[in-house]
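Only one structure is covered here, and it is reproduced in the block below.
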Amino acid sequence: MRVAVIDYGTGNLGSMLRALEELGAQPTLASHPDQIADAARLILPGVGSFTDCMAALSAGGWPQALRAAVDEAGTPLLGVCVGMQLLAMRGSEGATAGRATAGLGFVPGTVRHLRDLGCGLRLPHVGWNAIDPAGGPDPLLTGIPAGTNFYFVHSFALETQTQDAEAPDTETPDTETPDHVIATATHDIPFVAAVRCGRVWGTQFHPEKSSRAGFRLLRNFLGDLPC
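Quick note on numbering: the sequence shown equals residues 7 to 233 in the numbering used here.
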């Protein structure tokens with residue numbers, strides 16, 4: 007199975023490539039949108055700020071290509087760490103004061119600093135942390151029990167309530183976990199650990215650095231995924 011790992015110049019992708027190779031996949035670095043046309047799976051990593059990563063994706067023509075691959079070709083996409091955050095409607099990291107940066111728009115919500123969401127512990131949140139499934143079972147988490155530990159490195163998280171980017175103070179919080187949240191974790195406050203919208207999945211943690219559990223999740227992503 008050919009898996010295209012999106013290379014838009016933002017970080018070291020070696021650990022992801024090695025993990026996919028160990029799972030028997032055929033990973034390739036895709037540095038141009040033309041290189042994802044025949045991929046069976048897409049993985050979007052991310053290192054750095056939301057705004058810088060979106061600028062790099064936009065400069066390379068990736069937003070349109072990823073939208074076409076998912077919506078038209080039905081190719082499953084997995085965002086990892088900042089890659090998951092980029093799936094959101096918008097993000098505040100690195101943005102001009104008072105205005106959020108538009109994301110890829112696959113997942114409802116805004117990415118905000120954990121401190122702004124109420125976290126009082128030391129940041130960034132680095133290390134192993136347990137996740138808990140949210141909502142119904144999802145194929146990405148098959149065989150992964152509640153309380154399984156994954157490796158996190160982040161200071162920002164997805165706030166699942168949608169909001170108007172021009173008037174963030176008018177937001178009305180949700181009272182229940184949205185359907186697209188498939189797992190949560192806690193670092194002083196609960197935060198979104200994994201999401202799924204149609205053929206698009208995202209993990210705030212690094213499965214490629216999360217030992218056996220992470221490899222199980224990647225194996226699930228490489229397997230049969232329902233529409």
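Heads up, the beta-carbon is just placed ideally off N, CA and C, and yes, glycines get one too.
Here the structure is a predicted model, which is why all the values come from computation and not from measurement.
Where does residue i fall in DSSP's three states?
| i | result |
| --- | --- |
| residue 127 | coil |
| residue 87 | coil |
| residue 18 | coil |
| residue 43 | coil |
| residue 7 | coil |
| residue 197 | strand |
| residue 222 | helix |
| residue 74 | helix |
| residue 138 | strand |
| residue 148 | coil |
| residue 27 | helix |
| residue 57 | helix |
| residue 62 | helix |
| residue 227 | helix |
| residue 232 | coil |
| residue 184 | coil |
| residue 214 | helix |
| residue 143 | coil |
Are the beta-carbon atoms of residue i and residue j separated by less than 7 Å?
| i | j | result |
| --- | --- | --- |
| residue 47 | residue 32 | no |
| residue 36 | residue 12 | yes |
| residue 140 | residue 189 | yes |
| residue 14 | residue 61 | no |
| residue 192 | residue 200 | no |
| residue 162 | residue 99 | yes |
Can you list, in chain order, the residues of its chain with a C-beta nearer than 6 Å to that of residue i? Leave out the 5 residues immediately preceding and following it.
| i | result |
| --- | --- |
| residue 171 | For residue 171, the predicted model reports a pLDDT of 38, less than 50, meaning its position is unreliable and no value from the coordinates is stated. |
| residue 54 | 16 |
| residue 49 | 11 and 84 |
| residue 45 | 8 and 10 |
| residue 164 | 94, 115, 117 and 198 |
| residue 26 | 9 and 33 |
| residue 213 | 220, 223 and 224 |
For residue i, which residues from the same chain have a beta carbon less than 8 Å from its beta carbon, with the 5 sequence-adjacent residues on both sides left out?
| i | result |
| --- | --- |
| residue 52 | 16, 17, 59, 85, 86, 87, 88, 89, 90, 91 and 92 |
| residue 196 | 190 |
| residue 205 | 76, 80, 81, 82, 83, 231 and 233 |
Under the assumption that residue i contacts residue j (Cβ atoms under 8 Å), give the Cβ distance between them as a whole number of angstroms.
| i | j | result |
| --- | --- | --- |
| residue 160 | residue 119 | Contact doesn't hold; Cβ gap of about 10 Å is too wide. |
| residue 115 | residue 166 | 5 Å |
| residue 21 | residue 215 | 6 Å |
Using a Cβ-Cβ cutoff of less than 7 Å, which residues in the same chain neighbour residue i once the five nearest sequence positions on both sides are dropped?
| i | result |
| --- | --- |
| residue 218 | none |
| residue 185 | 141 |
| residue 126 | 194 |
| residue 145 | 226, 231 and 232 |
| residue 24 | none |
| residue 129 | 120, 121 and 161 |
How about residue i: is its C-beta nearer than 7 Å to some C-beta of chain D?
| i | result |
| --- | --- |
| residue 226 | This model lacks chain D altogether; it includes just one protein chain. |
For the ligand NAP, any of its heavy atoms closer than 6 Å to the Cβ of residue i?
| i | result |
| --- | --- |
| residue 148 | By its list of ligands, the structure shown contains no ligand whatsoever, and the ligand NAP lies outside what it can speak to. |
(message) Using a Cβ distance threshold of 8 Å, determine whether the stretch 142-158 contacts the stretch 218-231, with at least three qualifying pairs required.
(response) Segments in contact, yes.
(request) Give a yes or no on contact between the stretch 143-150 and the stretch 101-110, applying the rule of three or more CB pairs nearer than 8 Å. (result) Not touching, per the Cβ criterion.
(request) Specify whether the stretch 65-76 and the stretch 23-32 touch according to this definition: at least 3 beta carbon pairs, one from each stretch, less than 8 Å apart. (result) Judged by pairs of C-beta atoms under 8 Å, the stretch 65-76 does not touch the stretch 23-32, as fewer than three such pairs exist.
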